[in-house]
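Going by our numbering, the residue at position 236 of the sequence shown is 257; the numbering climbs one at a time, nothing skipped.
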Amino acid sequence: MQKTTYKPVVLVVMDGFGVSAEERANAVALAKKPTLDSFDAYYPFTTLQASGIAVGLPWGETGNSEVGHLTIGAGRVIYHHLPRIINAIHDGSFYQNEAFLKAIEHVKARNSKLHIIGLASSGSVHAHVDHLYALLRLAEMGGASRSFLHIITDGKDAIQKEGGKFMGHLAERMAKESPSVRIGSVIGRFYAMDRDEQWERTRKAYELYTQGLGTAIPGSLSEYLGAGYDQGLTDEFIEPGFVPGENGKMLGAVEDGDAVIFANFREDSMRQIVHAFTNPNFDAFPRVVLNNLFVVTMTEYERGIEAKVAFLPIEVRAPLARIISDAGLKQLHIAETEKYAHVTYFFNGGREKPFSGEERILVPSMTNVHFDDVPEMKSAEITARVIAEMPRYDFILVNYANTDMVGHSGNLEAAAKAVEAIDRALSDLSKEVLAADGVLVVTGDHGNVEAKRDPLTGEKITEHSLNPVPFYIVGKDFRSSSPRSSDEIRKRKREIGGILTDVAPTVVELMGLRKPAEMAGGSLLPQLLRQRS
Numbered sequence: 022m023q024k025t026t027y028k029p030v031v032l033v034v035m036d037g038f039g040v041s042a043e044e045r046a047n048a049v050a051l052a053k054k055p056t057l058d059s060f061d062a063y064y065p066f067t068t069l070q071a072s073g074i075a076v077g078l079p080w081g082e083t084g085n086s087e088v089g090h091l092t093i094g095a096g097r098v099i100y101h102h103l104p105r106i107i108n109a110i111h112d113g114s115f116y117q118n119e120a121f122l123k124a125i126e127h128v129k130a131r132n133s134k135l136h137i138i139g140l141a142s143s144g145s146v147h148a149h150v151d152h153l154y155a156l157l158r159l160a161e162m163g164g165a166s167r168s169f170l171h172i173i174t175d176g177k178d179a180i181q182k183e184g185g186k187f188m189g190h191l192a193e194r195m196a197k198e199s200p201s202v203r204i205g206s207v208i209g210r211f212y213a214m215d216r217d218e219q220w221e222r223t224r225k226a227y228e229l230y231t232q233g234l235g236t237a238i239p240g241s242l243s244e245y246l247g248a249g250y251d252q253g254l255t256d257e258f259i260e261p262g263f264v265p266g267e268n269g270k271m272l273g274a275v276e277d278g279d280a281v282i283f284a285n286f287r288e289d290s291m292r293q294i295v296h297a298f299t300n301p302n303f304d305a306f307p308r309v310v311l312n313n314l315f316v317v318t319m320t321e322y323e324r325g326i327e328a329k330v331a332f333l334p335i336e337v338r339a340p341l342a343r344i345i346s347d348a349g350l351k352q353l354h355i356a357e358t359e360k361y362a363h364v365t366y367f368f369n370g371g372r373e374k375p376f377s378g379e380e381r382i383l384v385p386s387m388t389n390v391h392f393d394d395v396p397e398m399k400s401a402e403i404t405a406r407v408i409a410e411m412p413r414y415d416f417i418l419v420n421y422a423n424t425d426m427v428g429h430s431g432n433l434e435a436a437a438k439a440v441e442a443i444d445r446a447l448s449d450l451s452k453e454v455l456a457a458d459g460v461l462v463v464t465g466d467h468g469n470v471e472a473k474r475d476p477l478t479g480e481k482i483t484e485h486s487l488n489p490v491p492f493y494i495v496g497k498d499f500r501s502s503s504p505r506s507s508d509e510i511r512k513r514k515r516e517i518g519g520i521l522t523d524v525a526p527t528v529v530e531l532m533g534l535r536k537p538a539e540m541a542g543g544s545l546l547p548q549l550l551r552q553r554s
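What follows is the structure, given as C-alpha cells:
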C-alpha cells in the first residue's frame with residue numbers, strides 16, 4: 022500500500038539539464054548514465070516546460086536559473102515584466118492602472134504637461150514598443166491634451182541604425198492613434214540610460230528634458246537621426262535634440278507641476294535619470310529642481326524612489342519553503358557558490374532570510390578554473406554533505422550546477438562528463454533516500470547541456486535552450502516491476518506533462534501537506550501513478 026507522507030523528500034535540481042530527442046551534440050545522449058537510465062526504465066517520469074510564457078518569460082525566450090528556481094519554489098507563474106504588461110494591455114487593466122490615471126488627473130487639474138519618456142525600438146530587453154503605444158493611447162483617451170513623448174534611441178538591443186526608419190513608423194502610428202501627443206525630444210540610451218554612475222551622461226539627458234539643452238530639430242526625427250548617422254553615430258549615441266516652438270525653445274520641456282511617466286520596465290538602466298528627477302538629496306551634478314512633479318515608473322526601479330509604481334513586484338506569499346516551515350518541519354537547502362542564491366533567495370520567492378526551521382549549506386565553488394576542466398565541480402562534496410545531514414531533515418533541496426556551468430563552455434565532451442558526475446551523485450543519493458523510505462524528486466530548471474551545437478552551422482552553442490526538463494519520482498512505492506521499452510521511454514520524453522509550477526505542489530503532496538491557494542500548479546502524482554497501471 023502506498024504511503025501518504027514521505028520523509029525525507031529530497032528535491033534535486035540538475036541545473037541546465039534539458040530533454041531533447043536530437044542526439045547529435047547532446048551531452049545527455051553522449052554520457053554514460055546508468056542511474057538516470059534506470060530512472061527512465063523503472064520510475065515515473067515526464068518532462069516539464071521550463072521556458073517562455075510557461076515560466077513567465079516573453080514568448081520564445083529561454084529559461085534561466087533565476088526564473089527556474091523562482092517558479093519551482095513558488096508553484097505558480099511569476100510573470101516577467103514584459104508579458105505581464107502585455108497581458109494588462111490585452112485585458113484592458115493597463116488603461117485602468119491607478120498610477121497612470123493619477124498622472125493624467127494631476128496634469129488635467131493644473132493644465133500642465135504629461136511627459137512619457139522611454140526607449141523606442143524593436144528590442145525588448147529594457148522596454149517594449151507596445152507598452153509605449155499603450156501609454157500614448159492612454160494619454161489620448163484620458164484627455165491629457167498637452168502630452169509629449171521623449172524618445173530614447175536604442176542601437177544596442179536593436180539594429181544600430183534602426184531608428185531612422187523606426188521613427189517614420191512611430192510618427193505614422195501616433196498620427197492615427199494619438200494625434201494630440203507630440204514629440205518632445207530624442208536622445209541616445211548612452212546618455213539617458215547610463216547605469217555605471219557616469220553622471221555627466223545622465224546630466225546631458227536631464228538638462229535636455231528640463232532645460233532644452235540640445236539641438237533644435239528643424240525637420241523630422243528621421244532626418245535628425247540621419248544627420249547623426251552621417252557623423253558616424255549610431256542610435257545608442259544620438260546627441261540630445263528637441264522639437265522647438267515658435268520661439269525656438271523646447272516646446273515640451275519638463276516644468277513645475279508636470280507629470281512624467283517612465284515607460285521602460287527594466288530597472289537598472291533607469292535609476293540614475295529617475296533619481297535626478299525625484300531625489301531631494303541628489304548631488305551627483307547641479308540641477309534645476311522641479312516642484313510639484315508627479316512621477317510614475319513602469320516598474321519598481323528601486324525601493325525608496327519617490328514615485329508611483331504602475332506594476333509593483335509580484336509578492337510570493339506562499340513559497341514551498343514557507344509551507345514546510347509553517348508545518349513545523351525542518352528543511353535544508355544546499356548548493357555550491359555558483360547556485361547558492363538560487364536555492365535560497367530565488368527558491369524562497371525573493372526572500373533573503375531563511376524561514377523558521379530552514380538551514381542552508383554553501384559548498385564553495387572552485388576558483389580560478391575553467392569549469393570544463395573540472396566538470397565534476399562540487400557534486401561529490403554536495404552529495405556527501407546531503408547524505409550526512411539527511412536524518413535531520415524532512416525536506417532537502419539540492420542543486421547540482423555542473424550541467425549548466427560546463428554547458429556554458431560549449432565543450433560537448435566536458436558537458437557529457439558533467440552529466441556523468443551528476444549521474445554518480447544521483448546513484449549515491451538515491452540509495453540513501455530509498456534506504457530511508459523517502460522519495461527523491463529529480464528535475465531541471467532550464468535546458469542547456471542537451472543542445473551544444475547549432476544544427477545549421479555546427480558552431481558551439483553556449484547559451485540556454487528552449488527544451489523541456491525531466492521530472493522523476495524515485496521511491497520504493499513508485500518503482501515498476503518491469504522496465505519500460507526503449508520505444509516507450511522515447512515516446513514519453515517527447516510528451517510534455519507539465520510545467521515547473523507543478524513541482525512544488527507535487528512535493529507538498531508527497532510530504533502530506535496541504536497545497537495553498539496561491540500555488541496555481543498541480544501535483545503530478547496522479548498522472549505519474551497512472552504510468553504504473
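All C-beta atoms in this analysis are idealised placements derived from N, C-alpha and C, irrespective of residue type, glycine included. Keep in mind that this is a model prediction, so the values were computed, not measured.
In the DSSP output, which residue or residues are listed as bridge partners for residue i?
i	result
L32	L418, V462
M271	P265
L69	V490, G519
I17	Coverage of the chain is limited to positions 22 through 554, which leaves residue 17 absent and any answer about it impossible.
R203	F169
L383	A356
G139	I172
F332	T320
G468	S486
Tell me which same chain residues have a C-beta within less than 7 Å of the C-beta of residue i, skipping the five on either side of it?
i	result
E82	S72, G73
V88	V76, G77, L78
N420	V34, D36, A356, K360, H363, V364
L545	T67, F492, G518, G519, D523, T527
Q97	It is worth fixing the name first, because residue 97 is Arg in this sequence and not Gln. Answer for R97: T522, E539, M540, A541, G542, listed in chain order.
N285	G139, L140, H147, A148, M291, M319
E44	A50
R338	E539
S41	N47, E471, A472, N488
For residue i, which residues from the same chain have a beta carbon less than 6 Å from its beta carbon, with the 5 sequence-adjacent residues on both sides left out?
i	result
A280	A124, H127, V128, L135, F315
Y493	F60, Y64, F66, V463
G496	V460
T56	D444, L447, S448
K177	E257
N132	none
L272	V264, G266
F367	E87, H90, L91
Y250	K182
S451	L461, V495
Quick check on the burial criterion: 16 or more other C-beta atoms within 10 angstroms. Buried or exposed for residue i?
i	result
T26	exposed
V390	exposed
M231	It should be noted that the sequence gives Thr, not Met, for residue 231. Answer is buried; the Cβ neighbour count reaches 16.
E581	Since the first residue of the chain shown is 22 and the last is 554, residue 581 is not available in this structure.
F306	exposed
P340	buried
K54	buried
E336	exposed
L333	exposed
P301	exposed
D393	buried
Tell me the residue span of the alpha helix (DSSP H) that contains residue i.
i	result
S114	Careful: S114 lies outside any alpha helix (DSSP H) and carries neither H nor E.
G89	86-95
F298	292-299
K438	433-456
V364	Segment: none, V364 is in no alpha helix (DSSP H) and carries neither H nor E.
Please work out which residues of its chain come closer than 8 Å, Cβ to Cβ, to residue i, disregarding the five sequence neighbours upstream and downstream, and give them in chain order.
i	result
K399	E357, V384, P385, S386, M387, A422
V202	I137, L157, A160, E161, S168, F169, L170, M195
Q219	none
I592	As displayed, the chain neither begins before 22 nor continues past 554, which places residue 592 out of reach and without an answer.
P504	A62, Y63
From which residue to which residue does the beta strand (DSSP E) around residue i run?
i	result
G519	517-520
G189	Unbroken run through G189 is the alpha helix (DSSP H), 184-198; no beta strand (DSSP E).
Q352	352-357
A226	First-last for A226: 220-232, but that is the alpha helix (DSSP H), not the beta strand (DSSP E).
M319	315-320
F283	280-283
Measure how close the beta-carbons of residue i and residue j come, nearest whole angstrom, since I'm counting them as under 8 Å.
i	j	result
L353	E276	Actually they do not touch by this definition, with Cβ atoms about 58 Å apart.
G468	V440	That pair is no contact at about 13 Å.
T424	V470	4 Å
I417	V31	5 Å
Y414	K374	Not confirmed; about 19 Å, so no contact.
F187	S142	6 Å
Check the Cβ-Cβ distances between residue i and every residue of chain D, and say whether any is below 7 Å.
i	result
E161	Checking the listed chains, one finds no chain D in this structure; it contains a single protein chain.
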